[in-house]
Amino acid sequence: AQKVTQAQTEISVVEKEDVTLDCVYETRDTTYYLFWYKQPPSGELVFLIRRNSFDEQNEISGRYSWNFQKSTSSFNFTITASQVVDSAVYFCALIPRGRDDKIIFGKGTRLHILP
Amino acid sequence: DTGVSQDPRHKITKRGQNVTFRCDPISEHNRLYWYRQTLGQGPEFLTYFQNEAQLEKSRLLSDRFSAERPKGSFSTLEIQRTEQGDSAMYLCASSPADVSPPSTDTQYFGPGTRLTVL
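Residue numbers (this note's numbering), protein chains in the order written: chain A, 12 to 126; chain B, 5 to 122.
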C-alpha cells in the first residue's frame, strides 16, 4: 500500500512555542519523494520542502526543520518559535516513483497558533 | 505573478448544470495535474497531462468529468450534470518534469476553484 498518515488532526499551541507535526508513510518502492505543503485559509497549497529517499539528511530552513528517518518511515516537521502566521493546515505527501507523479497526500494537520 | 492561476475561484451551480474550470500553469511547465479536495481531507489525484497528452485518469474521474489541454498550455476541467457530491475544491498544479529522461519535479499549486452544487 502507498499511504501517508498524519495522526494529529488538530494541534493548538501558544505563540513562540515549538511544535512538531508527525508524518508516517508507507511505500514498497525504494525510490520515492516526500513533501510538505502548507495550506493557509486562502486555500492555496504552498510548497515547503521536497526530500528524496536517498537523502536522509535533516534540513533546517529558518524556523522550520524536517527530520527524515527511513528506519521508522517518518518525515516529521518542526516549527520553532511558532508565530500566528504559521496557522494553517499542513500536508505531508508522497510520490512513490519517478515516472508516476501522482501525489499521495495525508489528511493534514490543522495547526492553530494562539496569540 | 507567474504562478499557477485558476479561474473562477468560486462557482455555485445548481444540480444538473455543467461547469467548466480553467487552469493556467507556470509558463513552460510540461506537466499539469488536477486534484480534488473535500472538506477535512487531503487533495486526491484526478488526472494529469504531459504537454497535451492526458496520461492518466483516476477512477475518481467519472464519465461526467472531462479534462483537456489542447495546446499543451492551459487546461480545462468540465463537469457535466453536476451532483451535490461534486462539491469540492478543485486544485490544479504544474511541474517542469520531463519524460526523457524521466524525472519527478515539485508540483506547484494554484489557488483552486471552490465548487458548490446546490
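Cβ coordinates follow ideal geometry from the N, Cα and C atoms, glycine included.
Since the model is a prediction, treat every value here as computed from it, not as a measurement.
In or out: G148/A buried (at least 16 other Cβ within 10 Å) or exposed? The first residue shown for chain A is 12 and the last is 126, placing residue 148/A beyond what the model contains.
Out of A101/B, E48/B and Y37/B, which one is the CA nearest neighbour of Q10/B? Indexing the second sequence from 1 puts residue 10/B at position 6. Looking at A101/B, E48/B and Y37/B, the one whose alpha-carbon comes closest to that of Q10/B is Y37/B.
Interface residues of chain B around Y44/A at Cβ under 9 Å? Here residue 44/A refers to the residue found at position 33 when the first sequence is read from its first residue. Near Y44/A (Cβ distances below 9 Å), the residues of chain B are T108 and T110.
Between P100/B and chain A, is any beta-carbon pair separated by less than 8 Å? The residue given as residue 100/B occupies position 96 in the second sequence. By this cut-off, P100/B is not an interface position.
Can you name the residues of chain B whose CB is closer than 8 Å to the CB of E55/A? Taking the first residue of the first sequence as 1, we reach residue 55/A at position 44. F113, G114, P115 and G116, listed in chain order.
Assign H14/B to buried or exposed, taking buried as 16 or more other Cβ atoms, counted over all protein chains shown, within 10 Å of its Cβ. Working through the second sequence from its first residue, we reach residue 14/B at position 10. Counting Cβ neighbours within 10 Å, H14/B comes out exposed, since fewer than 16 surround it.
Any beta-carbon of chain E closer than 8 Å to the one on L95/B? The structure shown has no chain E; the protein chains it does contain are A and B.
Counting only beta-carbon atoms, is I124/A nearer than 8 Å to chain B? Position 113 of the first sequence, counted from the first residue, corresponds to residue 124/A. I124/A does not count as touching chain B.
Tell me, please, whether the stretch 73–85 of chain A touches the stretch 59–66 of chain B by the rule of three or more beta-carbon pairs shorter than 8 Å. no
Compare the C-beta of F49/B with all C-beta atoms of chain A and state if any pair is closer than 8 Å. For the purposes of this step, residue 49/B is taken as the residue at position 45 of the second sequence. F49/B counts as touching chain A.
Does the CB of G89/B have a neighbour CB from chain A at under 8 Å? Start at 1 with the first residue of the second sequence, and residue 89/B comes out as number 85. Output row for G89/B: interface = no.
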